[in-house]
Structures are given as structure tokens and as C-alpha cells.
Amino acid sequence: MKVKFVLVAGMVLSVASLSAQASELRVKGAIVPASCSFTMTNAVFDYGDIRPSSLSETQYTRLTAKSTPFAVKCEGTALTAVGLKAVDNRSSSKVPGIVSSIDQGYTDNYNYGLGLSSKGQKIGGYAVHVQNSIADGRTVRTLTSADNGNTWTNYRSNALGQGGDVIAWWGGSGAQTPLKVNSVSGNIQIITFINKKSALDVGSKIELDGHATLELRYL
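Structure (C-alpha cells):
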């Protein structure tokens with residue numbers, strides 16, 4: 153019994169002594185991109201009162217385009233590759249094909265819904281464009297990615313799609329890759345269409361209810 157006690161005690165003392173001579177060292181931190189902000193001067197596009205007599209019975213009615221200035225600003229003097237994504241929060245109300253008259257390339261990926269009437273009728277749709285972009289003092293063009301930024305193409309319409317679509321900025325020559333920018337300014341434009349009058353109960357008040365989220369994406 154005494155021999156066992158001495159051996160166990162010796163082992164405990166040895167481990168305790170080793171523990172006192174060792175300590176862990178860790179190095180932690182994170183490398184993060186510069187913080188950037190996206191703002192619009194006026195986020196509400198208001199068409200006011202639209203008279204039923206101005207609507208076509210059998211064709212979609214195109215309203216006057218509206219636009220508002222936007223700005224992207226990154227902190228300090230940091231240059232960061234960023235782009236814009238959009239989510240249509242009224243996607244279930246889109247009228248298929250309503251924006252296709254803008255150009256043959258306008259599929260329903262560029263079609264944003266205008267909500268439903270009180271009777272569940274689809275009111276119309278609109279397309280969103282990023283226009284007149286100036287990055288760090290020089291005029292730039294836009295690039296579009298359909299796969300969340302993996303590949304890019306120069307899409308001249310400047311239309312902002314949905315799903316995996318991202319719009320970024322490009323110098324206009326050389327490799328088609330997004331610019332790293334400190335600031336960007338320009339205009340967000342919408343082109344709006346009202347559904348055929350035959351598809352709407354215009355005897356009741358109909359409220360346009362387009363709602364989309366535009367978000368800044370770090371690339």
C-alpha cells in the first residue's frame with residue numbers, strides 16, 4: 153500500500169510540475185474590407201394619381217421614367233471592389249413579360265412587381281437601372297454578373313436583375329473585372345408599366361406597391 157501511494161503521488165507531482173512550465177500562445181484577428189455605404193437621395197418613386205382614362209384597355213401602359221441620385225462611399229481613402237444586388241419584395245405580383253417592350257433582352261429577371269390590388273389583381277411592373285456612374289471623379293461603365301460575381305460581362309442597358317445578378321463598375325477598357333473604388337455616384341432609374349386596364353378593376357382605388365431592396369455587395 154505504501155509503495156502504491158508513493159508512485160501515485162510522484163506521478164501527480166510530475167504532471168503538476170510540467171503544467172507549470174507550459175502555457176499556450178495564440179494569435180487572433182481578422183482581415184476585413186473597408187466599410188462602405190450605399191444611399192439614395194429619394195427611395196420613394198411616387199407617381200401620384202393616375203387616371204384610368206390614361207390606361208390602355210389592351211396594352212401595357214408605360215409611365216414616365218423616374219430617377220434619383222445614389223452614392224457609394226467607402227471609409228477613408230480605401231479602394232474596395234463593390235457591386236449592387238436587388239431583391240424584389242413583390243415578386244409574386246409580377247406580370248410576365250411586362251417590361252420586355254423596353255428591349256428584347258428584358259426578361260422577367262429584370263421585371264419587378266408593383267403589388268396586388270385589393271381584389272388580388274396584378275398591377276404592373278418596373279425595371280431598375282444604374283445610370284450615369286462616376287467613380288472617383290471619372291465616368292465609368294457597368295458590368296453585370298449573373299452568377300454572384302464569378303464571371304462578368306459588359307451589359308450596356310445598365311439594368312439591374314435579380315437572383316444571382318450583381319452590377320459593378322468598370323473603367324471601360326481592358327479586362328472586364330470590377331474596379332476597386334472609394335466613391336461612386338450616379339442615378340437609379342425606374343421604368344414603370346401598368347397592366348392592361350382589362351385586367352384591373354379601375355372602378356376601385358388601386359395603390360401601386362412596388363418594393364425592392366438594393367444592397368451593397370463586397371466582391
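For the sequence shown, counting from 1, position 173 maps to 325 in our numbering; every step adds exactly one. For each residue, glycine too, the CB sits at the ideal point set by N, CA and C.
Can you give the beta carbon distance from residue i to residue j, rounded, assuming they're within the 8 Å contact cut?
| i | j | result |
| --- | --- | --- |
| Gln283 | Asn194 | With 8 Å as the limit, Gln283 and Asn194 do not qualify as a contact, their Cβ atoms being about 15 Å apart. |
| Asn302 | Arg293 | That pair is no contact at about 20 Å. |
| Trp321 | Val333 | 6 Å |
| Gly316 | Asn300 | 5 Å |
| Leu360 | Tyr199 | 6 Å |
Short of 7 Å in beta carbon distance, which residues of its chain neighbour residue i, apart from the five on each side in sequence? Order them along the chain.
| i | result |
| --- | --- |
| Asp255 | Ser309 |
| Thr210 | Lys348 and Ser350 |
| Ser285 | Val292, Thr294, Trp321, Val336 and Gly338 |
| Ala174 | none |
| Asp288 | Val333, Asn334 and Ser335 |
Could you tell me which of the options sits nearest to residue i, measuring between CA atoms?
| i | options | result |
| --- | --- | --- |
| Ala351 | Glu227, Ser219 and Leu268 | Leu268 |
| Tyr262 | Phe345, Glu227, Trp322 and Asp198 | Phe345 |
| Ser244 | Leu266, Ala223, Trp304 and Ala287 | Leu266 |
| Ala186 | Thr229, Leu236 and Ala364 | Thr229 |
| Ile275 | Gly289, Asp317, His363 and Gly313 | His363 |
| Ile343 | Leu231, Phe197 and Ser175 | Phe197 |
| Glu367 | Leu207, Val234 and Ala298 | Val234 |
| Thr365 | Leu207, Arg242 and Val179 | Arg242 |
Answer yes or no: do residue i and residue j have a C-beta to C-beta separation smaller than 9 Å?
| i | j | result |
| --- | --- | --- |
| Lys246 | Gly272 | no |
| Lys225 | Cys188 | yes |
| Ile183 | Ser270 | no |
| Asp240 | Pro248 | no |
| Thr291 | Ile319 | no |
| Pro204 | Val354 | yes |
Please work out which residues of its chain come closer than 8 Å, Cβ to Cβ, to residue i, disregarding the five sequence neighbours upstream and downstream, and give them in chain order.
| i | result |
| --- | --- |
| Tyr258 | Val251, Ser252, Ala279, Ser309 and Ala311 |
| Thr232 | Pro185, Ala186, Cys188, Cys226, Lys332, Val333, Asn334 and Tyr370 |
| Ala217 | Gln341, Ile342, Ile343 and Thr344 |
Identify, in the order they occur along the chain, each residue of the same chain with its Cβ nearer than 6 Å to the Cβ of residue i, setting aside the five sequence neighbours on each side.
| i | result |
| --- | --- |
| Ser219 | Asn339 and Gln341 |
| Glu227 | Ala186 and Ser187 |
| Ala223 | Thr191 and Ser337 |
| Ser201 | First, the amino acid is wrong: residue 201 is Asp here, not Ser. Excluding residues within five positions, none has a Cβ falling inside 6 Å. |
| His281 | Asn310, Ala311 and Gln341 |
| Trp304 | Leu295, Ser297 and Gln328 |
| Arg214 | Phe345 |
Task: Runs of beta strand (DSSP E) wholly within the region 249 to 308 (minimum 3 residues, chain order) - done: The qualifying runs are 276 to 287 and 293 to 297.
Task: Uninterrupted beta strand (DSSP E) stretches inside the region 188 to 262 (no shorter than 3 residues) - done: Counting only runs that start and end inside the region 188 to 262, the beta strand (DSSP E) elements of at least 3 residues fall at 188 to 192, 218 to 226 and 232 to 240.
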